[in-house]
Every structure is written in C-alpha cells, then in structure tokens.
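Chemist: Pasting a structure here, questions to come.
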Amino acid sequence: MPMPLRLYNSLTRRVEAFAPLDPSCPTMYLCGPTVYNYVHIGNARGPVVFDVLAALLRRRFGGLRYARNITDVDDKINAAAAAQGMPIAAITDRFAAAYLEDMAALGIVPQDIQPSATTHVPQMVAMIERLIEGGHAYAAEGHVLFAVASFPAYGQLSRRDPEEMLAGARIEVAPYKRDAGDFVLWKPSTPDLPGWDSPWGRGRPGWHIECSAMAAAHLGETIDIHAGGIDLQFPHHENEIAQSQCAHGGKVFARYWLHNGMLNFGGAKMSKSLGNIEKVHDLVRRHPPEALRYALLSAHYRQPLDWSDALIEQSVRTLDRLYGTLRDLDGTPATPAIPAPVEDALEDDLNTPLALSEIARIAGEARKAADAGERSRLKGELLGAGLALGLLQQAPVAWFNRGGAGDDDGRIQALVEERGAAKKARDFARADAIRDELAREGILLEDTAQGVRWSRSRN
Numbered sequence: 209m210p211m212p213l214r215l216y217n218s219l220t221r222r223v224e225a226f227a228p229l230d231p232s233c234p235t236m237y238l239c240g241p242t243v244y245n246y247v248h249i250g251n252a253r254g255p256v257v258f259d260v261l262a263a264l265l266r267r268r269f270g271g272l273r274y275a276r277n278i279t280d281v282d283d284k285i286n287a288a289a290a291a292q293g294m295p296i297a298a299i300t301d302r303f304a305a306a307y308l309e310d311m312a313a314l315g316i317v318p319q320d321i322q323p324s325a326t327t328h329v330p331q332m333v334a335m336i337e338r339l340i341e342g343g344h345a346y347a348a349e350g351h352v353l354f355a356v357a358s359f360p361a362y363g364q365l366s367r368r369d370p371e372e373m374l375a376g377a378r379i380e381v382a383p384y385k386r387d388a389g390d391f392v393l394w395k396p397s398t399p400d401l402p403g404w405d406s407p408w409g410r411g412r413p414g415w416h417i418e419c420s421a422m423a424a425a426h427l428g429e430t431i432d433i434h435a436g437g438i439d440l441q442f443p444h445h446e447n448e449i450a451q452s453q454c455a456h457g458g459k460v461f462a463r464y465w466l467h468n469g470m471l472n473f474g475g476a477k478m479s480k481s482l483g484n485i486e487k488v489h490d491l492v493r494r495h496p497p498e499a500l501r502y503a504l505l506s507a508h509y510r511q512p513l514d515w516s517d518a519l520i521e522q523s524v525r526t527l528d529r530l531y532g533t534l535r536d537l538d539g540t541p542a543t544p545a546i547p548a549p550v551e552d553a554l555e556d557d558l559n560t561p562l563a564l565s566e567i568a569r570i571a572g573e574a575r576k577a578a579d580a581g582e583r584s585r586l587k588g589e590l591l592g593a594g595l596a597l598g599l600l601q602q603a604p605v606a607w608f609n610r611g612g613a614g615d616d617d618g619r620i621q622a623l624v625e626e627r628g629a630a631k632k633a634r635d636f637a638r639a640d641a642i643r644d645e646l647a648r649e650g651i652l653l654e655d656t657a658q659g660v661r662w663s664r665s666r667n
C-alpha cells in the first residue's frame, strides 16, 4: 500500500496526511494575479510549485479540479488605467494575456478553471446578500462590510488576536464602520469607475469576496486545498475563511491551506512597493525559462528563497549538465518512468530540493553506465524524474540551441560551461569528449585568469 501524501497545513501548523473529500478528484484553488502590470518572479513561485503539486495529485488520485483566478476589477487597476490614460479593459486584457504567456513560458500547465472576477459579480452579490441575512454583514453609505465580531473564529489561520491584527494591517478608517477591523465586501462606484447594479446601488466588489465566490462557484462550498503566498495569509485568506464559512452555514471553507514562502532580492522581500523586483516578462526573455523554473524549485516551497543572477546561472549550468547527459544518451531507447525516490520526495510535503538531488544522482549514474540495458533504464528514470518537476522535456539540441537556429554562440558557451562543470566533478572523460567535439567544429579553447574563452578557428 502506498505511503500517504503528506502536506503542511498552515491551519493546523503541522504536516498531515492528505485525503480528498472525493477520492478520485481533489479540488484546489490558487489565488491568481491582479492584472494591472507584469508580475514579478516572486509571484511565479506559487504557480510553479503548485503546478508540481497539481501533477502529483493527478497521478495519485486520477483527477483534479484546479482553479486559479484572474482579478480584473480592483482599485490598483483603476489607478493604472488613469495614470496611463487607457481604458480599464485595455489594461486588464493586456496584462492578463501577458500573465498567461509568461506562466506558459515557465512550463505551467493551464489550470482546469481560470475564472475572472468580472464574470462572477452576480455570485458575489448573492453571497453578500446571504451574509447580510445571517447578520454577518451590514450596509452603510453605499458600502457593505463584513462584521468581524460576528465570527468568533476570526484569526484562526494567522493565529493573531484581534488587537494584533488591527495593529499589523493597513486598516481603512471610515466613519461608516462599526468596528475598525470590518472589511469591505462592496463599495460604491463613481461614473468613471467600473460598476454593477446591486441592492446597495451601483458599485463593485471588494477583493476578498471575489475569491470566495469564485471558489464556491467552481469547486463547491468546501474545497480540499487552498494555496497561495504566505503574504496573503492575512488579511486575504483570513477574510476568505470568515465570509465563506458564514455564507455557507458554518461549513469548512478549505480543509488544507498551503502557503509558499517569499523571494528575497538584495536582502529584502521582493515587492513592488520596495521597487526591488524582477519581472517574469523580462526574465523569460533574458534567460532560459526552464532555468527560472529550476531555480524556483531549488529551495523548499515553505522557505524563503534568495533570488539572484548567481542562482539563475547555477540553474543554467545544472541544466546544461543534465541535458548534456541526455545528449550522450541520444539513440538509447527509453520509456520515461518516475523513480520511487523522486515521487517519495514530492509526496513528503513537496520536497523539491530532495527530488532535484535525486535527478543529479540518476544523471551521474547514467554518465558512468556502460551496459545498454542500464543506460536505457537510467535514461527513462531521468526523463521521468524531470517530468515530475516539469523539467528536461525538450530535446537536448533545443536546449543547447536556445540562442536560435542562426545563432550558435549559446550552444557553444553551454558546452564550454558543461566542460568546466565536468572537470570540477572530476569527470575527465566527459570534459575531454566535449573538448574534442568543439575541436572538430573548429572551436579553440583558451584558459585565462577570468575563465575559459573560446574562439572559432580561422582555417
């Protein structure tokens, strides 16, 4: 009997065996982007990590209903449209398309459901009406607010007491609030802003109600997994729990809460407010996207990850070596098969660093294998292990030719770097083979104090 899948549940603060409500089809919801600009690489960590989890859930249970939303109504969007003198729809359409393009570049499989907030306003209005009827929300001056005092369990996810939550959050002070911590479910819209008719006048939804309504509409009133960045735990996820459970008669909203850690850049948390961001849209054009994915998986998802050019370059060199191994095995027949140690690592709370170390071990064995049957088995394991992480799925020639068919420099530089890595690992046979291969192409290598330089022979 297989070992149970184990996941760290932020709600209980412990690793738990995961068992979905429907044994054949778990449900998972991931908070998506607010589309007013390009997302930064920190925003991509959750989608990449939970893409690995989604594939694992499908293998384990046979199915999955996975939703990630698009927030296309928000005050930040309105501000961006006003600043650029563009229609709001032009902003949201542009950056929603860019987001999907950038996520695809990182190898993320599209979710089963990708709901947008603007197409679910009727569901949001209906949920707000239920909250008012149940005494959990109230209308005031065109706004509707959730009454935090009506939900005694408020704070259960973040484990903060109400005083601490008020002190740590940017609470909007408004005369129409009964309590300072009450949060907006609906707000009025001026004629120049997006708005929908409602029992409380023309207006638009608050951010928190959007995810609750979309999750319920597509995954049901109780979902198995809710995922997102740790920065969303409070107040966004805390508010989702409160409004969802109160709207659904006390039913549990999400049974497992999974939160990924933040990216640090230059010694501080990466964020737009600090201005220390690296946009995915730029990075996938400057670096091989697969190397960015590898880098995002290189630390355990719950831990902070220090992002740097050095991390990207290290990921490129590692993939050079792995694809070099696959190139050496070209012509060896193989059937991809995920090795048990890799699957075990992922089933232990998504231990991607351990899974990546297993990939390196398999590649090392493959480089030393002489027996044809052993080479075939190890190639199949290498491809299968890569498949589990969304890596090593392109042909080696495509990886090494990433500079383009008419530009061979990237491929040659990759071979030079792979040779250097082989020498460092004392794999002198591989280093000599690369040197000979380059020599046949008329590429001359020169060792300098700054590293190896290469040039083309003039003959």
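In case it helps, the working numbering puts the sequence shown at residues 209 to 667.
Yeah, the Cβ is synthetic: ideal placement off N, Cα and C, and Gly gets one too.
Pull up the distance between the alpha-carbon of A252 and that of Y509, whole angstroms please.
Modeler: Counting from one through the sequence shown, the residue named residue 252 turns up at place 44. Counting from one through the sequence shown, the residue named residue 509 turns up at place 301. About 12 Å.
Chemist: Work out the CA separation of L586 and R569 for me, nearest whole Å.
Modeler: In the sequence shown, residue 569 corresponds to position 361, counting from 1. In the sequence shown, residue 586 corresponds to position 378, counting from 1. Whole-angstrom Cα-Cα distance: 10 Å.
Chemist: Tell me F473's beta-bridge partners as DSSP assigns them.
Modeler: Within the sequence shown, the letter at position 265 stands for residue 473. DSSP lists A476 and W515 as partners of F473.
Chemist: For E551 versus A596, is the C-beta distance shorter than 9 Å?
Modeler: As a position in the sequence shown, residue 551 is number 343, starting the count at 1. As a position in the sequence shown, residue 596 is number 388, starting the count at 1. In this structure, A596 lies closer than 9 Å to E551 by Cβ.
Chemist: Kindly indicate which three-state DSSP category T220 falls into: helix, strand or coil?
Modeler: The residue labelled residue 220 in the question sits at position 12 within the sequence shown. Of the three classes helix, strand and coil, the one that applies to T220 here is coil, per DSSP.
Chemist: Does the beta-carbon distance from A275 to A455 come in below 9 Å?
Modeler: Indexing the sequence shown from 1 puts residue 275 at position 67. Indexing the sequence shown from 1 puts residue 455 at position 247. Cβ atoms of A275 and A455: not closer than 9 Å.
Chemist: Is it buried or exposed, L513, if we count other Cβ atoms within 10 angstroms and call 16 or more buried?
Modeler: Position 305 of the sequence shown, counting from 1, holds the residue named residue 513. With 16 or more Cβ atoms within 10 Å of its Cβ, L513 is classed as buried.
Chemist: Please determine if the region 236 to 248 and the region 215 to 224 are in contact, where contact requires at least 3 C-beta pairs separated by less than 8 Å.
Modeler: Result no; under three Cβ-Cβ pairs closer than 8 Å.
Chemist: CB L261 to CB L558, shorter than 9 Å?
Modeler: One-based indexing of the sequence shown puts residue 261 at position 53. One-based indexing of the sequence shown puts residue 558 at position 350. Cβ atoms of L261 and L558: closer than 9 Å.
Chemist: When the distance is taken between beta carbons, is I520 closer than 9 Å to L500?
Modeler: The residue you call residue 500 lines up with position 292 of the sequence shown. The residue you call residue 520 lines up with position 312 of the sequence shown. Result yes, Cβ atoms of L500 and I520 sit closer than 9 Å.
Chemist: When the Cβ atoms of the region 408 to 427 are set against those of the region 329 to 337, are three or more pairs found closer than 8 Å?
Modeler: The region 408 to 427 is in contact with the region 329 to 337.
Chemist: If you pair each beta-carbon of the region 411 to 421 with each one of the region 390 to 403, do three or more pairs fall below 8 Å?
Modeler: The answer is yes - the region 390 to 403 touches the region 411 to 421, with three or more Cβ pairs under 8 Å.
Chemist: Our contact map puts E349 next to Y384 with C-beta atoms below 8 Å; I'd like the distance itself, whole angstroms only.
Modeler: By 1-based counting over the sequence shown, the position of residue 349 is 141. By 1-based counting over the sequence shown, the position of residue 384 is 176. Confirmed, about 4 Å.
Chemist: If you draw a straight line from the alpha carbon of P541 to that of S584, how long is it in whole angstroms?
Modeler: Position 333 of the sequence shown holds residue 541. Position 376 of the sequence shown holds residue 584. If I take the Cα positions, the gap works out to 6 Å.
Chemist: Could you give the C-beta distance for E429 and K459, rounded to a whole number, given that I count them as a contact under 8 Å?
Modeler: Taking the sequence shown and counting its residues from 1, one reaches residue 429 at position 221. Taking the sequence shown and counting its residues from 1, one reaches residue 459 at position 251. Yes, they are in contact, since the Cβ atoms of E429 and K459 sit about 5 Å apart, within 8 Å.
Chemist: Can you name, in chain order, every residue of its own chain whose Cβ lies under 6 Å from the Cβ of M236, other than the five neighbours on each side?
Modeler: As a first step, residue 236 is located in the sequence shown; it is residue number 28 there, counting from the start. The residues are Y274 and I433.
Chemist: Who are the near neighbours of D310 in its chain, counting only those whose CB is closer than 8 Å to its CB and skipping five residues on each side?
Modeler: On the sequence shown, position 102 is the one that residue 310 refers to. If we look at D310 and ignore the five residues flanking it on each side, its Cβ neighbours are Y246, V247, A252, V488, H489 and V492.
Chemist: Can you tell me whether M307 is helix, strand or coil according to DSSP?
Modeler: Working through the sequence shown from its first residue, we reach residue 307 at position 99. Checking the sequence shown, residue 307 turns out to be Tyr, not Met. The answer is helix: DSSP assigns Y307 an H, G or I state.
Chemist: Quick check: F354 and A450, are their CB atoms within less than 9 Å of each other?
Modeler: Translated into positions along the sequence shown, residue 354 becomes position 146. Translated into positions along the sequence shown, residue 450 becomes position 242. Yes, Cβ-Cβ distance for F354 and A450 is below 9 Å.
Chemist: Measure the alpha-carbon distance for M478 versus Y307 and round it to whole angstroms.
Modeler: Reading the sequence shown from its first residue, position 270 is the one you call residue 478. Reading the sequence shown from its first residue, position 99 is the one you call residue 307. If I take the Cα positions, the gap works out to 18 Å.
Chemist: Please classify R661 as buried or exposed, where buried requires at least 16 other C-beta atoms within 10 Å of its C-beta.
Modeler: Taking the sequence shown and counting its residues from 1, the one referred to as residue 661 is at position 453. Its Cβ having fewer than 16 others within 10 Å, R661 is exposed.
Chemist: Rounded to whole angstroms, what is the Cα-Cα separation between R638 and Q364?
Modeler: As a first step, residue 638 is located in the sequence shown; it is residue number 430 there, counting from the start. As a first step, residue 364 is located in the sequence shown; it is residue number 156 there, counting from the start. C-alpha separation (whole angstroms): 56 Å.
Chemist: Looking at the strands, I want to know which residues DSSP matches up with A225.
Modeler: By one-based count along the sequence shown, residue 225 stands at place 17. DSSP lists R214 as partners of A225.
Chemist: In three-state DSSP terms, what is K487?
Modeler: By 1-based counting over the sequence shown, the position of residue 487 is 279. Of the three classes helix, strand and coil, the one that applies to K487 here is strand, per DSSP.
Chemist: Starting from A275, follow its DSSP beta bridges and name the residues at the other end.
Modeler: For the purposes of this step, residue 275 is taken as residue 67 along the sequence shown, with counting starting at 1. Note: A275 sits in a beta bridge opposite Y237 and I321.
Chemist: Just tell me which of D400, L562 and R619 has its CA closest to the CA of I296.
Modeler: For the purposes of this step, residue 296 is identified with residue 88 of the sequence shown, where counting begins at 1. Closest option to I296, Cα to Cα, is D400.
Chemist: If contacts are defined as beta-carbon pairs under 8 Å, then L562 and G250 qualify, I think. What distance do you get, rounded to the angstrom?
Modeler: As a position in the sequence shown, residue 562 is number 354, starting the count at 1. As a position in the sequence shown, residue 250 is number 42, starting the count at 1. About 23 Å; that fails the 8 Å criterion.
Chemist: In whole angstroms, give me the CA-to-CA distance for Q602 and V524.
Modeler: Here the question's residue 602 lines up with position 394 in the sequence shown. Here the question's residue 524 lines up with position 316 in the sequence shown. C-alpha separation (whole angstroms): 14 Å.
Chemist: Is Y531 helix, strand or coil when you go by DSSP?
Modeler: Here residue 531 is taken as the residue at index 323 of the sequence shown, counted from 1. In this structure, Y531 counts as helix in the three-state DSSP scheme.
Chemist: In chain order, which continuous runs of the beta strand (DSSP E) of length 3 or greater are located wholly inside the region 313 to 369?
Modeler: 345 to 348 and 351 to 354, all fully within the region 313 to 369.
Chemist: List the whole-angstrom C-beta distance separating Q469 from D259, where the pair is believed to meet the contact cut-off of C-beta under 8 Å.
Modeler: The sequence position of residue 469 within the sequence shown is 261, counting from 1. The sequence position of residue 259 within the sequence shown is 51, counting from 1. Before going further, note that residue 469 is Gly rather than Gln in the sequence given. Not a contact, Cβ separation roughly 17 Å.
Chemist: Mapping DSSP to helix, strand and coil, what is P396?
Modeler: Along the sequence shown, read from residue 1 onward, the residue named residue 396 stands at position 188. Three-state result, P396: strand.
Chemist: Given a cut-off of 9 Å, decide if L653 and L600 are closer than it, judged by their beta-carbon atoms.
Modeler: By 1-based counting over the sequence shown, the position of residue 600 is 392. By 1-based counting over the sequence shown, the position of residue 653 is 445. Contact: no.
Chemist: Spatial neighbours of W515 within its chain, please: CB distance less than 8 Å, with the 5 preceding and 5 following residues excluded, ordered by chain position.
Modeler: Taking the sequence shown and counting its residues from 1, one reaches residue 515 at position 307. Hits under 8 Å: I249, G250, L471, N472, F473, M478, E486 and A503.
Chemist: Given a threshold of 16 other Cβ atoms within 10 Å of its Cβ, counted over all protein chains shown, does R648 qualify as buried or as exposed?
Modeler: The residue you call residue 648 lines up with position 440 of the sequence shown. R648 should be labelled exposed.
Chemist: Does G650 pass the burial test, meaning 16 or more other C-beta atoms within 10 Å, or should it be called exposed?
Modeler: Against the sequence shown, residue 650 aligns to sequence position 442. With fewer than 16 Cβ atoms within 10 Å of its Cβ, G650 is classed as exposed.
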